[in-house]
Structure formats: C-alpha cells, structure tokens
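Residue numbers (our numbering), protein chains in the order written: chain E, 712 to 821; chain V, 31 to 396.
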Amino acid sequence: MSSRAGARAAPVPETRAGLAADARPRLAPKVRLRWDRKDERYMLLYPERGLVLNATAADVAKLCTGEHTVAAIIERLAEKYAPHPADAVEREVQAFLHAMVERGLIRSDG
Amino acid sequence: MTDDAPRPYTLVAELTYRCPLRCVYCSNPLDYAHHGDALSTADWLRVFREAEALGVVQLNLTGGEPLVRDDLEALVEGARALDLYTNLITSGIPCTRERLARLKTCGLDNVQVSVQDVRAPESDRIAGLRSFERKLEVARLVKELGLPLTINTVLHRENLDRVPEIIAMAESLHADRLELANTQYLGWALVNRRALLPTRDQLDRARNVARSARQRLLGRMEVLFVIPDYYAEFPKSCMDGWGRRFIVISPDGLALPCHAAHTLPGLSFDRVQDRPLDEIWHHSEAFNAYRGEAWMPEPCRSCDKRTADFGGCRCQAFHLTGSAVATDPVCSLAPDHELIEAARREALAPAATELEYRTARSSAPA
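Written out as structure tokens, the structure is:
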C-alpha cells in the first residue's frame, strides 16, 4: 500500500467500536487464513475452530499482515467495491475488525 | 453442509496410545494396550491426504503422547504441505527445545500442553509421574520459539477450587489460549468418578471465575470453560453429532466417529489400511450407525433439541445404561436420568481418595 493512500485516508474518524485509522492490524499468531477449496470460500483457522468468511471479510483478513493501516485497508476496499458507498465499506470493515479483535483473532497493538 | 452430505472438518490422529503419564482421567480406552501402533509414516500421510480431500481443515496430533513417535516431524511437514491447521496435543514429556524448533520449522501451527494443576504435588499426583516442573519449562519453550500456546487443564473435584490460580498460571506463561475442560466421565475417568466428580457448588464457583476472566482477558488470552454434562440439564452435542464433523483414527488404524467409539459393542470399525477414508466416512456401518435421527428412541425422536444435541453421547449412554441407543442419561428427560442424580448425590459425600492409575496391567478387554 502506498503511503499516499494511507495519508489521504488518515482523517477517517475513529468510531467508538472501530480501530484507530493508523492501527496496523494483523492476524493473531494462532490464526491462519485458508482457502477452502471444498466450498470455495476463505476460512480463518485457529486451534480446534474455524470461521467461515464472506468475500469482504476475506478481503480484509488478507490485508491484516501488520503492514497496512486500517485507513489503507478501508481505502483499498472502497476502491474495489465502488460504486458501493465508501462509508458503508468503512462500517463493514470496522465492524469485522472490531469483532475479530474482541475474539482475539486479530491484533491491532504495536 | 447439509446433513445429507456431511463433511468432516477435523481429523483427530491418535498417533499412539503410549504415554509416560498415567493420568487418572485418561480418555484412552481401558484396553489401550491392545491397540498398538500399526500405522507407518506413509500410512498416516495417506490418511491426511484422504482426509483433506474429504474436507478436513483441522488436524489434531494426539495420543497417548504423540512426541514418543520419532516420525512426528515428517507428519507435521506432510500436514502442512496439505495446508492443514496442525495442533500438537502433548503432555510435554518427553520434549526438548531442539525438537520443538524442528516441529516449528516443519510448519506446526499450535502447541497444546496439558498441565494437571498449579502445584507440583497435586499435578504429579493426577499424572502419576513427576512432570509438573518440566511441563512449565516446555510451555515456556513453546512461547520462546514463537509458537502459539494452549494450556489445557482438566478440571475435577481436587482442582476446581484452584481455577483462579490456574488462570493466573496460564497468564504468567503468556498462553494464547486456556482450555479449562471439565472431566468427561468415560474410560479411566469413569473408573475414578467417585474421586473426581465435583459438587455443583464447586462447579458454579469455578464457572463464574472463568466467565469474568474471559471478559477481562478478551483479545489477549482465550479462556474456554467446557462444562461437565453431569451438571447440565441437557446433553452436549457430543462430537457435534455422530459422523458429522470429526474423524478419529486410533493408533491401530481404526476410523472412529469419536475417540471412545471402539468401546461400543456390536459395531464393526473399518481400518484405514483396508479401505479408503472416503468410503469409510460415507458408507461404513460404524459412521452411519448413529448418524441422523433414524436410530433415536423417545424422548429424543420427537424432541425439539434433537437437532442441537443429536441425542448426546452414545458412549456415555452405553457405559451407564448398557445400551448405546438409549437417551444420554445426562438429559433431564432421559428414562435413566436417575443414574446421574445418584452420581450427583454421591459427590456430596466425602470423595474417594484412592485413585486408579492408567496402566496396561489393568487394561483388559471389556
């Protein structure tokens, strides 16, 4: 992700249930993203559990490498899903990240 | 993902029943010594391939103690090549830093270390082996090497009051996950039930402690509290339903719907050496025996909960009532529920202090 994209999206306000725009989320160490060829979808796998992801969630999870900021992830997905409204994409991304952080599947600390 | 075409998600590979520990609640069958290690490295790797093709994404490498197999590295490597999420379920004995590092290089995803209690005398008493300090060292090694760590502690009458200390221990080890699993009263645990079954009060206190710890540690350490069905109103959905999600392979190659299924009489189990896993999963007598609802007696057959608990545990039904098709007696609606009520009353009296350790000597065929 270019720094320009990150900078342009920086003013995104931090919503109450959302992560900070400059946080760089990454999958928790115990979590692995896997393409499920049987049912053609992505899954998050962690000890003794699996979580089936919808297409948007999978796109977010793929970018949770610790390199991309939340703002950059939102911007990239807003481009991909245009003309779907950008604020709707942002809400969806933030809701997914928030739920995953709560479940300990995604980390946003340092 | 309909029940008409069930898909297995998890393969439980019981690589061996051998284990240096002698835990009094071991879930291996009482006649474990009659099921030797019969599968070669190549056999296991073929089973992993067949399982993955069926839809399996999770692999639990367990036993017995999986570390006693010297081909564990090759098995982990093969599993990773298939993109299986590979979880090593170990007592931590015997284990070295070098071996753990090799397993990590081979692609191991998670290490689950069992710790029986928070102090050496109590932990070693349950394990039947001096092992507590070494287990903590292994848990620390897991984290040092950057591998995710699950701490598993089996709960029972003797350690339930120490759940706060168990949680603190897991926190100090920086565990990613803590599994507080109440004893399932089958196998050796059923033999020792008079010593192990807690009271309802003990259990309620521990559950509340675990619940608040789960909230406090949200996002840092996952805290699981697996309730004991003896104090539930309805049975748990054992294995998520017979032949629905899980395949267990015993060390001698039996393909089983659960880890105790081969203790049920009158069922014949196929060996993975003799028949492709795909055929076993879809067409074998054993996997179809209690799949779906056709086998259910009343009150299960007309019960709303039949699609949630699938009639409970077949092994528990058999070992308590003598009939594998009986309604799981833990269900408050079961005709044999008095068996559970009696066990609960027994738990109010002083516990038995004698423990029967897992041994090959007392391991006679049923």
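The beta-carbon is built from N, C-alpha and C at its ideal position, and this holds for glycine as well. This one's a predicted model, so the numbers in the text were calculated from it and none came from an experiment.
Neighbourhood of Asn212/V in chain E, by CB distance below 7 Å: empty, with the nearest CB roughly 16 Å away.
For the C-beta of Leu171/V, not a single chain E residue is nearer than 9 Å; the gap to the nearest is close to 15 Å. Within the segment 137-168 of chain V, contact with chain E at the beta-carbon level (separation under 8 Å) is assigned to Asp139, Asn140 and Gln142.
At a cut-off of 8 Å between beta carbons, Asn182/V makes no contact with chain E. Secondary structure remark: continuous alpha helix (DSSP H) runs of at least 4 residues inside the segment 44-110 of chain V, in chain order: 71-84. Listed along chain V, the residues sitting closer than 7 Å to Val812/E by beta-carbon distance are Gly249. For Asn212/V, the beta-bridge partners assigned by DSSP are Leu185/V. Listed along the chain, the chain E residues whose CB falls inside 7 Å of the CB of Glu252/V are Gly815. Put simply, the backbone Cα of Arg375/V is about 15 Å away from that of Ser362/V. Within the segment 130-195 of chain V, the complete beta strand (DSSP E) runs of at least 3 residues fall at 140-144 and 179-185.
For Leu756/E, at least one C-beta of chain V is nearer than 8 Å to its own C-beta. Contact between the segment 802-814 of chain E and the segment 764-783 of chain E is present: three or more C-beta pairs spanning the two stretches fall below 8 Å. Neighbourhood of Asp747/E in chain V, by CB distance below 9 Å: Gly85 and Val87, in chain order. Within the segment 727-743 of chain E, Ala739, Pro740, Lys741 and Arg743 place their CB atoms closer than 8 Å to a CB of chain V, listed in sequence order. Secondary-structure assignment with DSSP links Glu309/V through no beta bridge to anything. The three-state reading of DSSP puts Asn117/V in strand, counting E and B together. Here Asp259/V is buried: its Cβ has 16 or more other Cβ atoms, across all protein chains shown, within 10 Å. Within the DSSP bridge table, the entry for Phe255/V names Leu210/V as partners. In terms of beta-carbon proximity, Tyr115/V lines the interface with chain E, with at least one pair separated by less than 8 Å. With a threshold of 8 Å between beta carbons, Asp206/V makes contact with chain E. In the structure shown, the three-state DSSP call for Trp325/V is coil. Shortest Cα-Cα distance from Glu759/E to any of Arg207/V, Leu297/V and Ala225/V involves Arg207/V. For Ile370/V, the secondary structure class from DSSP, reduced to helix, strand or coil, is helix. In terms of CA proximity to Met251/V, Leu210/V leads the group Ala225/V, Ser57/V and Leu210/V.
Nearest to Ile197/V by C-alpha distance, out of Thr229/V, Glu152/V, Val253/V and Gln146/V, is Val253/V. Residues of the segment 36-47 of chain V with a Cβ closer than 8 Å to any Cβ of chain E, in chain order: Arg37, Tyr39 and Thr40. Between the C-alpha atoms of Ala797/E and Glu786/E there is a straight-line separation of about 8 Å. Our two residues, Cys49/V and Leu774/E, have alpha carbons roughly 42 Å apart in a direct line. Between the alpha carbons of Asp101/V and Val77/V lies a gap of roughly 15 Å.
Pro96/V is outside the set of residues whose beta carbon lies under 8 Å from a beta carbon in chain E.
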